[in-house]
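Heads up, the thing below is written out as structure tokens.
Number of protein chains: 2
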Amino acid sequence: MGEPALRVALLGCGVVGTEVARLLTTQADDLAARVGRPLELAGIAVRRPGRPRPDLPVDPALFTDDATGLVEREDVDLVVEVIGGIEPARSLVLAAMAGGASVVSANKALLAEDGATLFAAAEKHGVDLYYEAAVAGAIPILRPMRESLAGDRVRRVLGIVNGTTNYVLTKMDETGAGFGEALEEAQALGYAEADPTADVEGFDAAAKAAILAGLAFHTRVTAMDVHREGITEVSAADVASARAMGSVVKLLAICELSEDGQSVGARVHPAMIPRSHPLASVRDAFNAVFVDAEAAGELMFYGRGAGGAPTASAVLGDLVAVARHRVGGGRGPGESSYADLLVRPMGETVTRYHVSLDVADRAGVLAAVAQVFAEHGVSIDTVRQRPLGDGDDAELVVVTHRATDAALQATVEGLRGLDAVQGVTSVMRVEGE
Amino acid sequence: MGEPALRVALLGCGVVGTEVARLLTTQADDLAARVGRPLELAGIAVRRPGRPRPDLPVDPALFTDDATGLVEREDVDLVVEVIGGIEPARSLVLAAMAGGASVVSANKALLAEDGATLFAAAEKHGVDLYYEAAVAGAIPILRPMRESLAGDRVRRVLGIVNGTTNYVLTKMDETGAGFGEALEEAQALGYAEADPTADVEGFDAAAKAAILAGLAFHTRVTAMDVHREGITEVSAADVASARAMGSVVKLLAICELSEDGQSVGARVHPAMIPRSHPLASVRDAFNAVFVDAEAAGELMFYGRGAGGAPTASAVLGDLVAVARHRVGGGRGPGESSYADLLVRPMGETVTRYHVSLDVADRAGVLAAVAQVFAEHGVSIDTVRQRPLGDGDDAELVVVTHRATDAALQATVEGLRGLDAVQGVTSVMRVEGE
Numbered sequence: 005m006g007e008p009a010l011r012v013a014l015l016g017c018g019v020v021g022t023e024v025a026r027l028l029t030t031q032a033d034d035l036a037a038r039v040g041r042p043l044e045l046a047g048i049a050v051r052r053p054g055r056p057r058p059d060l061p062v063d064p065a066l067f068t069d070d071a072t073g074l075v076e077r078e079d080v081d082l083v084v085e086v087i088g089g090i091e092p093a094r095s096l097v098l099a100a101m102a103g104g105a106s107v108v109s110a111n112k113a114l115l116a117e118d119g120a121t122l123f124a125a126a127e128k129h130g131v132d133l134y135y136e137a138a139v140a141g142a143i144p145i146l147r148p149m150r151e152s153l154a155g156d157r158v159r160r161v162l163g164i165v166n167g168t169t170n171y172v173l174t175k176m177d178e179t180g181a182g183f184g185e186a187l188e189e190a191q192a193l194g195y196a197e198a199d200p201t202a203d204v205e206g207f208d209a210a211a212k213a214a215i216l217a218g219l220a221f222h223t224r225v226t227a228m229d230v231h232r233e234g235i236t237e238v239s240a241a242d243v244a245s246a247r248a249m250g251s252v253v254k255l256l257a258i259c260e261l262s263e264d265g266q267s268v269g270a271r272v273h274p275a276m277i278p279r280s281h282p283l284a285s286v287r288d289a290f291n292a293v294f295v296d297a298e299a300a301g302e303l304m305f306y307g308r309g310a311g312g313a314p315t316a317s318a319v320l321g322d323l324v325a326v327a328r329h330r331v332g333g334g335r336g337p338g339e340s341s342y343a344d345l346l347v348r349p350m351g352e353t354v355t356r357y358h359v360s361l362d363v364a365d366r367a368g369v370l371a372a373v374a375q376v377f378a379e380h381g382v383s384i385d386t387v388r389q390r391p392l393g394d395g396d397d398a399e400l401v402v403v404t405h406r407a408t409d410a411a412l413q414a415t416v417e418g419l420r421g422l423d424a425v426q427g428v429t430s431v432m433r434v435e436g437e
Numbered sequence: 005m006g007e008p009a010l011r012v013a014l015l016g017c018g019v020v021g022t023e024v025a026r027l028l029t030t031q032a033d034d035l036a037a038r039v040g041r042p043l044e045l046a047g048i049a050v051r052r053p054g055r056p057r058p059d060l061p062v063d064p065a066l067f068t069d070d071a072t073g074l075v076e077r078e079d080v081d082l083v084v085e086v087i088g089g090i091e092p093a094r095s096l097v098l099a100a101m102a103g104g105a106s107v108v109s110a111n112k113a114l115l116a117e118d119g120a121t122l123f124a125a126a127e128k129h130g131v132d133l134y135y136e137a138a139v140a141g142a143i144p145i146l147r148p149m150r151e152s153l154a155g156d157r158v159r160r161v162l163g164i165v166n167g168t169t170n171y172v173l174t175k176m177d178e179t180g181a182g183f184g185e186a187l188e189e190a191q192a193l194g195y196a197e198a199d200p201t202a203d204v205e206g207f208d209a210a211a212k213a214a215i216l217a218g219l220a221f222h223t224r225v226t227a228m229d230v231h232r233e234g235i236t237e238v239s240a241a242d243v244a245s246a247r248a249m250g251s252v253v254k255l256l257a258i259c260e261l262s263e264d265g266q267s268v269g270a271r272v273h274p275a276m277i278p279r280s281h282p283l284a285s286v287r288d289a290f291n292a293v294f295v296d297a298e299a300a301g302e303l304m305f306y307g308r309g310a311g312g313a314p315t316a317s318a319v320l321g322d323l324v325a326v327a328r329h330r331v332g333g334g335r336g337p338g339e340s341s342y343a344d345l346l347v348r349p350m351g352e353t354v355t356r357y358h359v360s361l362d363v364a365d366r367a368g369v370l371a372a373v374a375q376v377f378a379e380h381g382v383s384i385d386t387v388r389q390r391p392l393g394d395g396d397d398a399e400l401v402v403v404t405h406r407a408t409d410a411a412l413q414a415t416v417e418g419l420r421g422l423d424a425v426q427g428v429t430s431v432m433r434v435e436g437e
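Protein sequences, first through last, are from chains A and B.
The opening residue of the first sequence carries number 5 in the numbering used here; numbering runs sequentially from there.
The opening residue of the second sequence carries number 5 in the numbering used here; numbering runs sequentially from there.
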């Protein structure tokens, strides 16, 4: 080729960074042919540069602990950020762009918290900021959303975007295990971290929901805007109840346009979806994103949402794209937030509830329960009643029609106050119908 | 905005063209915001400009029967070609590019037959040629393949890319109907054309397979290179036999790299795939493309493969992309054929066969049958034998291990010559395991 190489600085060399460095080395010829110029590692910023890395076929002299010095080097054209977290990642990415480098990041937390600052910097310095790997790992979802659907109107996005929780929920569904037991299994197999908070409490999924909602609706959405409930309260009984309805419990990231098109909502919570829904068959640690757009109709994107190699695949796809812009001119699409729609609070979101009640098995109870729903303007879709084994109690399972979350919440509060209701044993939203 | 509009010439105003024109009009504000400049229809080339089109909210003066004159107009920046077929589409697209316009085409036949000429012209004139709508309608598959997976190594693509045949095969599976009956139902419901040849004989899928293989393997592949078998010979017995194995029959477009990475194959034929495979649950007229890449692992893209609005969604996504290049500079990726791998003939393709035989129910028959497989070096995975209701015959179902298609074909010929074999009742390839 004879063209001078484009120089790549890699920030972070954990599971993903190692794969990025490995692929940059082993696939160098293919990457050069696809970009039009070779890609060459300029340096790798890590905490401990001297640590032996026998599996990684790169020059040990490339490692440095001076990340700031690396991104500010004049010979760096492209920066890959796979450190994660807010700082120092943000400062490094901003310094890289200020120095004229295009950036590829896998950092969902940073993009979801402070994307606007980063996009503004990219715009100001005339560089690219790509981040396909930040959502759903290897699955191409941000580029399709940002480019393929750029001529369409997205109405709704339903995503299974966290592999750990999907693994846990799959095991609960398959074996009848409780949350704790399924989580332990996931930890033993490496599907959950020792501190699983970010995953099981829905923080990871909420960051991804914010990114997806921003792209889908051309509106700034941050992680703070996303209503978030994790899966720690999902019980074996909830899962069994879903099964009895022909449904399955999934942790969903839901981004949706209101019916009048004037506001958007973004939320993460467990929900029951029918087994016939394409997302229901997404099992174990796999991810999938279901998109409903006005002209395109229903689309689904499925694949591996995490792991070194899959995430590196997404990083390298972006790297080739931004490198091509260096070679051929132009830039990819920047932030698109022109629609600037209102992000509505959860209480105004319209959804359906599945409520299980432990009630006294006597005449008039159903009437009293139905009265509470009616008082809050919530209409009932189905009621299923069955005696419980232990004497005078019965189980009442109510699935509502669509109503605002505030009305549904108030209804549940009202039910808790009824004399005839021993307890509200399960409350879960119903989606995907 | 105040910027002058980009002028769009639309060639063809059938089902897809009508939707493109409608969306350009009704979504004009959104499109302008996303592109950075308004998009404006410069003209619509049709056969009968005077025909009333009450559903289409555009100025009747835009219609013309002079397509050549339209694409050569100096005020045309972008050309959308949704005429289909080879000529006059090719000449018009070439004239448009020669005049400096970027082109968005939905024309799978043209791309698969003569893509190289078109890409060369785009390169020569420094314009974009985008064609997402040519494969799998609304499903973003070409952009992910061409851009998202640009840093990865695709090993295999398995696609259900023809909605008509998938509808027919779904009905055969659901109802036990034969091919003819299921096709008639599809025709009655508008899922199949009066002359269904292009669909049921696999020509449509073969064009798409050529396009997918070219992108996946960075190698020129034309429709002529694709081994093609349609579904007209698929019988109710084949479908029942698949069902008995826990499988389902699908018309697959298969593009694969050989194990040594030195050659590629592209083929379209019916095949049995296990019901547990993600493609098995793609029903009715839906399409899906399953991709196996080295780093990304398994990906699947699912959605509507045809229809006016879904196809228009893909066209408009491309239109926004090429329009952004007009506004911001740069071009999208051109043809990538640097790998220039050998396209191997079908006989060298490695696959598995499912063979059903009607045999005499007597000692020694299985040995004779097994001997024929052994002579051709084909190893048997499973054999299932059951007496047929009508006396002295038995059905023998053999599923092979992987072998070259040539060896498998020769084996089937050998079986036909055996005295003990009354008939070979079904031969079908087995994929997706």
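Beta carbons are placed, not taken as given, at the ideal position from N, Cα and C, and that holds for glycine.
Please read these numbers as outputs of a predicted model, since none were measured by experiment.
The segment 401-414 of chain A contacting the segment 364-371 of chain A, beta-carbon criterion three pairs below 8 Å: No contact exists between the segment 401-414 of chain A and the segment 364-371 of chain A.
For A325 (chain A) and L27 (chain A), believed in contact at Cβ under 8 Å, the rounded distance: As a first step, residue 27 (chain A) must be located in the first sequence, where it is residue number 23. As a first step, residue 325 (chain A) must be located in the first sequence, where it is residue number 321. Their Cβ separation, rounded to whole angstroms, is 15 Å, which puts L27 (chain A) and A325 (chain A) out of contact at 8 Å.
Sheet register partners of D443 (chain A) (DSSP bridge): Because chain A here runs from 5 to 437, residue 443 (chain A) falls outside it and cannot be looked at.
Minimum Cβ-Cβ distance from Y342 (chain A) to chain B less than 8 Å: Residue numbering aside, residue 342 (chain A) sits at position 338 when the first sequence is read from its first letter. Output row for Y342 (chain A): interface = yes.
Extent of the continuous beta strand (DSSP E) run through E44 (chain A): By 1-based counting over the first sequence, the position of residue 44 (chain A) is 40. From DSSP, the beta strand (DSSP E) with E44 (chain A) extends over L43 to A49.
7 Å Cβ cut-off: residues of chain B touching I143 (chain A): Within the first sequence, residue 143 (chain A) is the residue found at index 139, counting from 1. The answer, in chain order, is L303.
Contact residues within the segment 118-131 of chain B, judged by C-beta distance below 8 Å to chain A: Residues: none.
A300 (chain A) and R308 (chain B) closer than 8 Å at C-beta: Counted from its first residue, the first sequence places residue 300 (chain A) at position 296. Counted from its first residue, the second sequence places residue 308 (chain B) at position 304. In this structure, R308 (chain B) lies closer than 8 Å to A300 (chain A) by Cβ.
D199 (chain B) (DSSP reduced to helix, strand or coil): To locate residue 199 (chain B), count along the second sequence from 1; it is residue 195. In the structure shown, the three-state DSSP call for D199 (chain B) is coil.
V272 (chain A) beta carbon less than 8 Å from that of V230 (chain A): For the purposes of this step, residue 230 (chain A) is taken as residue 226 along the first sequence, with counting starting at 1. For the purposes of this step, residue 272 (chain A) is taken as residue 268 along the first sequence, with counting starting at 1. In this structure, V230 (chain A) sits near V272 (chain A), with a CB-CB distance shorter than 8 Å.
Same chain only: Cβ atoms within 7 Å of H222 (chain A), ignoring 5 sequence neighbours per side: For the purposes of this step, residue 222 (chain A) is identified with residue 218 of the first sequence, where counting begins at 1. Excluding sequence neighbours, H222 (chain A) sits near S340, S341, Y342 and A343.
Terminal residues of the beta strand (DSSP E) in which V272 (chain B) lies: Reading the second sequence from its first residue, position 268 is the one you call residue 272 (chain B). Segment S267 to P278, the beta strand (DSSP E) holding V272 (chain B).
Beta-carbon proximity list for G234 (chain B), same chain, < 7 Å, skipping 5 on both sides: Mapped onto the second sequence, residue 234 (chain B) falls at position 230. So the qualifying residues of the chain are V204, E205 and G206.
Contact the segment 51-68 of chain B vs the segment 346-358 of chain B: 3+ CB pairs below 8 Å: A contact is defined here as three or more CB-CB pairs under 8 Å, and the segment 51-68 of chain B fails this definition with respect to the segment 346-358 of chain B.
G18 (chain B) (DSSP reduced to helix, strand or coil): Counting from 1 along the second sequence, the entry for residue 18 (chain B) is found at position 14. Three-state DSSP puts G18 (chain B) in coil, outside helix and strand.
Unbroken alpha helix (DSSP H) run spanning N170 (chain B), endpoints: In the second sequence, the residue the question calls residue 170 (chain B) occupies position 166. From DSSP, the alpha helix (DSSP H) with N170 (chain B) extends over G167 to T179.
Cβ-based contacts, 8 Å cut-off: residues of the segment 21-47 of chain B near chain A: Look at the segment 21-47 of chain B: the residues with a C-beta under 8 Å from a C-beta of chain A are E23, L27, Q31, D34, L35, A37 and R38.
M5 (chain B) versus G130 (chain B): straight-line alpha-carbon distance, rounded: The residue you call residue 5 (chain B) lines up with position 1 of the second sequence. The residue you call residue 130 (chain B) lines up with position 126 of the second sequence. Any reading at M5 (chain B) must be qualified, since the residue scores a pLDDT of 47, below 50, and its modelled position is unreliable; no value is offered.
Length of the line joining the Cα atoms of V161 (chain A) and P144 (chain A): Stepping through the first sequence from its first residue, residue 161 (chain A) is reached at position 157. Stepping through the first sequence from its first residue, residue 144 (chain A) is reached at position 140. Approximately 14 Å, taken between the alpha carbons.
Option in A:D70, A:D69, A:R51 and A:R11 with minimal Cα separation from E44 (chain A): If you number the first sequence from 1, residue 44 (chain A) lands on position 40. Taking only the C-alpha atoms, the option nearest E44 (chain A) is A:R11.
Given G16 (chain A) as reference, the closest of A:Q389, A:R157, A:S109 and A:N291 once Cα atoms are compared: Within the first sequence, residue 16 (chain A) is the residue found at index 12, counting from 1. With distances taken between Cα atoms, G16 (chain A) lies closest to A:S109.
V107 (chain B) versus B:L346, B:Q413, B:R335 and B:E399, residue with shortest Cα-Cα distance: Taking the second sequence and counting its residues from 1, one reaches residue 107 (chain B) at position 103. Checking every option, the nearest Cα to that of V107 (chain B) belongs to B:R335.
Residue from B:V243, B:L14 and B:D69 with nearest C-alpha to A100 (chain B): Here residue 100 (chain B) refers to the residue found at position 96 of the second sequence. The residue with the shortest Cα to Cα distance from A100 (chain B) is B:L14.
Enclosing beta strand (DSSP E) for P386 (chain B) [first to last residue]: For this step, residue 386 (chain B) is matched to residue 382 along the second sequence. Residue identity differs from the one stated: residue 386 (chain B) is Thr in this sequence, not Pro. Where T386 (chain B) is concerned, the enclosing beta strand (DSSP E) stretches over I384 to P391.
Same chain only: Cβ atoms within 8 Å of G159 (chain B), ignoring 5 sequence neighbours per side: Residue 159 (chain B) sits at position 155 when you count from the first residue of the second sequence. In the sequence as presented, Gly is not what sits at residue 159 (chain B); that position holds Arg. For R159 (chain B), the CB contacts under 8 Å within the same chain, skipping 5 residues up- and downstream, are E260, L261, D296, A297 and E298 in chain order.
Pick from B:L35, B:L74 and B:V39 that is closest to P53 (chain B), judged by C-alpha positions: Numbered from its first residue, the second sequence carries residue 53 (chain B) at position 49. Restricting attention to B:L35, B:L74 and B:V39, the CA atom closest to the CA of P53 (chain B) is found in B:L74.
D296 (chain B): first and last residue of the uninterrupted beta strand (DSSP E) it sits in: The residue you call residue 296 (chain B) lines up with position 292 of the second sequence. Counting along the chain, the beta strand (DSSP E) containing D296 (chain B) begins and ends at F290 to A297.
Outcome for R150 (chain B) when other beta-carbon atoms lying within 10 angstroms are tallied against a minimum of 16: Looking up residue 150 (chain B) in the second sequence gives position 146. Of the residues assessed, R150 (chain B) falls on the buried side of the cut-off, its CB having 16 or more other CB atoms within 10 angstroms.
Residue-chain proximity (A214 (chain A), chain B), Cβ-Cβ < 8 Å: Against the first sequence, residue 214 (chain A) aligns to sequence position 210. Output row for A214 (chain A): interface = no.
Cβ pair V80 (chain B), G21 (chain B) closer than 8 Å: By 1-based counting over the second sequence, the position of residue 80 (chain B) is 76. By 1-based counting over the second sequence, the position of residue 21 (chain B) is 17. No, these two residues do not count as a Cβ contact at 8 Å.
Beta-carbon neighbours of A113 (chain A), restricted to chain E and to distances below 8 Å: Given the protein chain composition of this structure (A and B), no chain E is represented.
Under 8 Å between C-beta atoms of D322 (chain B) and Y134 (chain B): Translated into positions along the second sequence, residue 322 (chain B) becomes position 318. Translated into positions along the second sequence, residue 134 (chain B) becomes position 130. In this structure, Y134 (chain B) lies closer than 8 Å to D322 (chain B) by Cβ.
Cβ-Cβ distance between A113 (chain B) and Y195 (chain B) below 8 Å: Within the second sequence, numbered from 1, the residue matching residue 113 (chain B) stands at position 109. Within the second sequence, numbered from 1, the residue matching residue 195 (chain B) stands at position 191. Not a contact, by the Cβ cut-off of 8 Å.
Min CB distance G265 (chain B) to chain A below 8 Å: Here residue 265 (chain B) corresponds to residue number 261 of the second sequence, with the count starting at 1. So no, G265 (chain B) is outside the interface.
Endpoints, the alpha helix (DSSP H) within which L475 (chain B) is located: The structure shown does not extend to residue 475 (chain B), since chain B spans only 5 to 437, so no value can be given for it.
Beta-carbon spacing of R51 (chain B), D70 (chain B) below 8 Å: Reading the second sequence from its first residue, position 47 is the one you call residue 51 (chain B). Reading the second sequence from its first residue, position 66 is the one you call residue 70 (chain B). At least 8 Å separates the beta-carbon of R51 (chain B) from that of D70 (chain B).
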